[in-house]
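Colleague: Here's a structure for you.
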Amino acid sequence: MSDEVRPDEEFDPPVWDDEYLDRVSDRLMHNYDLEQDYGVHGERFDLFGSMRMETRKQFVHQSINYANHHAKEYLFARYVDTATVAELERLVELGHRLAEEWVEPDEEHFGTDFTFVLVAPEIPDDVHEFVSDFSDRTLIKFGYYGHFEMNVAVVAPEAETAIASPSADSVAAFTLWTDVSPTASGGLVQRLLGRLRK
Numbered sequence: 001m002s003d004e005v006r007p008d009e010e011f012d013p014p015v016w017d018d019e020y021l022d023r024v025s026d027r028l029m030h031n032y033d034l035e036q037d038y039g040v041h042g043e044r045f046d047l048f049g050s051m052r053m054e055t056r057k058q059f060v061h062q063s064i065n066y067a068n069h070h071a072k073e074y075l076f077a078r079y080v081d082t083a084t085v086a087e088l089e090r091l092v093e094l095g096h097r098l099a100e101e102w103v104e105p106d107e108e109h110f111g112t113d114f115t116f117v118l119v120a121p122e123i124p125d126d127v128h129e130f131v132s133d134f135s136d137r138t139l140i141k142f143g144y145y146g147h148f149e150m151n152v153a154v155v156a157p158e159a160e161t162a163i164a165s166p167s168a169d170s171v172a173a174f175t176l177w178t179d180v181s182p183t184a185s186g187g188l189v190q191r192l193l194g195r196l197r198k
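The sequence shown: position 195 = 195 (the numbering used here), numbered continuously.
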């Protein structure tokens, strides 16, 4: 039996009891496969999302194609009582462990992003500084097999404030109070689109 959803079938995304995460999931559900209460390597997340994008160019007919690439993003989010630099660093270590297990490097692999979002009452100054300066990208085979990248973000919905590392473009879904992304530059999606325009 196939796991694929046929076009005539309705897909029911998960519904969160938490109003904030339910509204965030409404923004994500068209691009991400979402799960609730996701666990991996002893860590629990209130929301988990995965997205896969494939691009290719074709000549005359779709069977004659070239420049095939795929990119993935894994999004992990959870509530915390207090956001700390130590917890963010631990999540980045988890991301590197998952990259070793989940990334399948080959010529068609453009990139895989692991984005970790903490939802907290406030954003301490040291956390703000850590996140705003954070960058962690690893080239695979000098970039020939693409790369993987770690992104971190902290969102304080009650205070209507957020901070995200520069490539964490998916975090815009968590800032319900504004349409402006809390990142300084485009993430995986923007980089992939830029590559296609060349």
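All C-beta atoms in this analysis are idealised placements derived from N, C-alpha and C, irrespective of residue type, glycine included.
1. Does Leu139 pass the burial test, meaning 16 or more other C-beta atoms within 10 Å, or should it be called exposed?
2. Would you call Asn65 buried or exposed, if buried means 16 or more other Cβ atoms sit within 10 Å of its Cβ?
3. Shortest alpha-carbon distance to Glu122 belongs to which of Arg90, Tyr79, Pro105 and Pro14?
4. Which first and last residues belong to the beta strand (DSSP E) in which Glu104 is found?
5. Any idea what DSSP makes of Gly146, helix, strand or coil?
6. With distances taken from CA atoms, which of Phe114, Val155 and Ala164 is nearest Arg137?
7. What is the rounded straight-line gap between the Cα of Ser229 and the Cα of Ser132?
8. Just mark Gly111 as buried or exposed, buried being the case when its beta carbon has 16 or more other beta carbons within 10 Å.
9. Look up Ile140 in the DSSP assignment and give the residues it is bridged to.
10. Within a Cβ cutoff of 7 Å, which residues of the same chain sit near Asp126, ignoring the five residues on either side of it in sequence?
11. Drop a sphere of 10 angstroms on the beta-carbon of Ser135, count the other beta-carbons inside from all chains shown, and report buried for 16 or more, exposed for fewer.
12. Might you give, ordered along the chain, the residues of its own chain that have their beta carbon closer than 6 Å to the beta carbon of Phe148, omitting 5 neighbours on each side?
13. The alpha helix (DSSP H) with Glu129 in it runs from where to where?
14. Using three-state DSSP, classify Gly49 as helix, strand or coil.
15. Which term fits Asp169, buried or exposed, when burial requires 16 or more other beta carbons within 10 angstroms of its beta carbon?
16. Can you list, in chain order, the residues of its chain with a C-beta nearer than 7 Å to that of Leu28? Leave out the 5 residues immediately preceding and following it.
17. Given a threshold of 16 other Cβ atoms within 10 Å of its Cβ, counted over all protein chains shown, does Ala120 qualify as buried or as exposed?
18. Going along the chain, which residues of its own chain have a beta-carbon closer than 6 Å to the beta-carbon of Tyr74, five neighbours each way excluded?
19. Of the choices Glu87, Leu88 and Met53, whose alpha-carbon is the least far from that of Ala71?
Modeller: The relevant details are as follows:
1. That one is exposed.
2. Caution is warranted here: a pLDDT of 48 is assigned to Asn65, below 50, making its placement in the model unreliable, and the coordinate value is therefore given only provisionally. Its Cβ having fewer than 16 others within 10 Å, Asn65 is exposed.
3. Tyr79
4. That residue, Glu104, is in no beta strand (DSSP E); it is neither H nor E in DSSP.
5. coil
6. When only C-alpha atoms are compared, the closest one is Phe114.
7. Lying outside 1 to 198, the shown extent of the chain, residue 229 is not represented and no answer is given.
8. buried
9. Its beta-bridge partners do not exist; DSSP assigns none.
10. By the criterion of a C-beta distance shorter than 7 Å, Asp126 is surrounded in its chain by Val85, once the five residues flanking it on both sides are discounted.
11. Looking at its Cβ environment, which holds fewer than 16 other Cβ atoms inside 10 Å, Ser135 is exposed.
12. Ala99, Val103, Thr112 and Thr138
13. Asp125 to Ser132
14. Three-state result, Gly49: strand.
15. buried
16. The residues are Leu34, Gly49 and Ala173.
17. buried
18. Ser50 and Phe114
19. Met53
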